[in-house]
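Per the working numbering, the very first residue in the sequence shown carries number 7; after that it's consecutive. Right, one structure below, let's go through it.
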Amino acid sequence: MFIEQKLSLLFFNTMATKTYNYAIIGAGGAGIHLAMAMMADDFFSDKEILIVEKESKSENDRTWCFWEAGTGKWDALLHHSWAKGSFHSSEIHQALAMPPYRYKMLRSIDFYNHAKNKLAASDHFHWVQDSIEKVSAGSPSVLHGAQAQYQAEHIFDSRIDAGFYENKDSYTRLLQHFKGWMIETEEDFFDPEEFVMMDFRLKWKDSTSFNYVLPTSRRTAMVEFTLFTEDLVTDDTYDKILKQYFEEYLQLKKYKVTEVEKGVIPMSDFPFHKQHQNHLTKIGTAGGWVRPSSGYFFKNAEGYCQQVIDNLKAGRLPSKGVAQSRFRFYDSLLLDILKNKNEMGEDLFTSMFGKNSATQIFKFLDEETSLSEEIKIFWSFRSGPFLWALWRWFLG
Ligand SMILES: Cc1cc2nc3c(=O)[nH]c(=O)nc-3n(C[C@H](O)[C@H](O)[C@H](O)COP(=O)(O)OP(=O)(O)OC[C@H]3O[C@@H](n4cnc5c(N)ncnc54)[C@H](O)[C@@H]3O)c2cc1C
């Protein structure tokens, strides 16, 4: 009798397991970009889509900044945007030629809440809070969660492959790590129309490191200290540099810290694209969507999601051609220099911003430049380190 009951329960469970057309693991930057892009496309109106996220996503866990020409998809959600910017180093102080671009700031909580509201109003998107422990990719694929098991014909997975952390020495890997303070002053101090993109005047030792300033009103600003290095630094190091930057460079002594942001973004030539399988596509950082030489992701993710959708509609593998272009080769050269000659960061960025317009640099980072434009940008760097990196690449 007991066995019969178990068998019928098993039979019932098997019958009851729904197979979704698509499952998205992770409702972070990439998962939400993809879900929103699917929702906007009629191709998915008869598809059942599952989103599994382990966190509640009810906190502002990061602030995204990105540049965009003219109006954009997320303008209604923006926290602030700037039409003017500048670049500082020990050699130059350069105003950025921005138009038609604006630099835009989006708080992640506004992005998450917007997506949650949209998804809740749909009857074919289903958001569950669960941690996926294991995936068996197949037909259908099975997602083993801590709470339940799910099935889907295709999985989009934002979990970073364990190999990325385990085989650190077999590829170039730097970390972009930072700490920032959202501060408030008692009196008007900032110009909310202008931001500082990079300020290399105050560095940590001889590393590639800089501060940046994002004023959101006359009395509030986000100021961050960022390093592109192999290892993290202590919390105290970020704090000391931030304090010194406020006192000596911004010449601001009275302010209150209202929020703190900390983060680490992997900068690496790890072959993320090799992690895709027939029934599973890696997305976001896990799919190599974060530009390894700059850590920027937000705007490019929009284009990558569109490519994924076009591939699905054409019956191709969803990952075909996504985040794989000659720009990855440029990134690996830049990474190689930053890893082996970390002290050269200020010099590299000074030549880049000193000899090219900001619009051209943005176009390059958006992967929209032509080969001749790219040669011009590379020509603007002092050639020694590039020839050296090229030679090292040639030797394999
Ligand atoms: C603090 C910070 C600031 C950044 N600022 C910028 C910026 O200004 N501009 C820019 O372009 N880029 C920025 N980036 C880089 C990049 O935009 C972000 O890292 C981006 O969030 C990457 O998207 P993602 O979906 O890959 O990862 P995430 O946004 O981290 O999302 C991954 C999601 O997967 C969930 N998850 C993980 N494991 C599981 C599991 N087992 N089961 C279920 N869910 C799981 C996580 O909880 C998370 O919600 C920043 C990164 C950080 C960390």
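Don't be surprised by glycine CBs; every beta carbon is placed ideally from N, CA and C. No experiment lies behind these values; they were computed from the predicted model shown.
- Rounded to whole angstroms, Thr-287 and Ile-138 show a C-alpha spacing of 15 Å.
- Setting aside the 5 residues that flank it on each side, Glu-192 is surrounded in the same chain by Lys-260, each with a C-beta closer than 7 Å to its C-beta; the list follows chain order.
- Shortest gap from the CB of Trp-88 to any heavy atom of ligand 1: 6 Å or more.
- Here Lys-53 really is in contact with His-130; their C-beta atoms are around 6 Å apart, less than 8 Å.
- According to the DSSP assignment, Thr-291 belongs to no beta strand (DSSP E), since it is labelled neither H nor E.
- Cα atoms of Tyr-177 and Ser-274: separation of roughly 7 Å, rounded to the nearest angstrom.
- A direct Cα-Cα distance of roughly 8 Å separates Ala-154 from Asp-136.
- Per DSSP, the continuous alpha helix (DSSP H) segment holding Trp-385 begins and ends at 377-386.
- DSSP places Gln-283 within a strand segment (E or B) once states are collapsed to three.
- When distances are taken from the beta-carbon of Val-58 to the heavy atoms of ligand 1, the shortest one is below 6 Å.
- Within the chosen limit of 6 Å, ligand 1 does not reach the beta carbon of Thr-235 with any heavy atom.
- For Phe-131, the Cβ stays outside the 6 Å cut-off from all heavy atoms of ligand 1.
- Residues Val-270 of the same chain have their beta carbon placed closer than 6 Å to that of Leu-181, with the five preceding and five following residues left out of the count.
- Distance from the C-beta of Ala-29 to the nearest heavy atom of ligand 1 is not below 6 Å.
- Under the Cβ criterion (8 Å, minimum of three pairs), the region 34-49 does not count as touching the region 241-261.
- With 16 or more other CB atoms across the displayed protein chains lying within 10 angstroms of its CB, Gln-281 is buried.
- Rounded to the nearest angstrom, the gap between the Cα atoms of Leu-102 and Ser-114 is 26 Å.
- Taking all protein chains in view, the Cβ of Asn-217 is crowded by 16 or more other Cβ atoms within 10 Å, so the residue is classified as buried.
- Remark: fewer than three beta-carbon pairs, one from each stretch, lie closer than 8 Å, so the region 231-243 and the region 162-169 are not flagged as touching.
- Of the candidates Ala-227, Ser-331 and Ile-381, the residue whose Cα lies closest to the Cα of Phe-196 is Ala-227.
- Where Asp-205 is concerned, the enclosing beta strand (DSSP E) starts and stops at 200-205.
- In this structure, Phe-93 lies near Met-204, with their beta-carbon atoms less than 7 Å apart.
- About 6 Å separates the Cβ atoms of Lys-110 and Glu-74, confirming a contact at the 8 Å cut-off.
- The C-beta distance from Ile-55 to Met-42 rounds to 11 Å, too long to fall under 8 Å, and the pair is not in contact.
- Closest option to Asp-353, judged by alpha-carbon separation, among Ile-38, Gly-327 and Ile-98: Ile-98.
- Under DSSP, Arg-68 forms no beta bridge with any residue.
- Residue side-chain check: Cys-311 keeps its Cβ at 6 Å or more from all non-hydrogen atoms of ligand 1.
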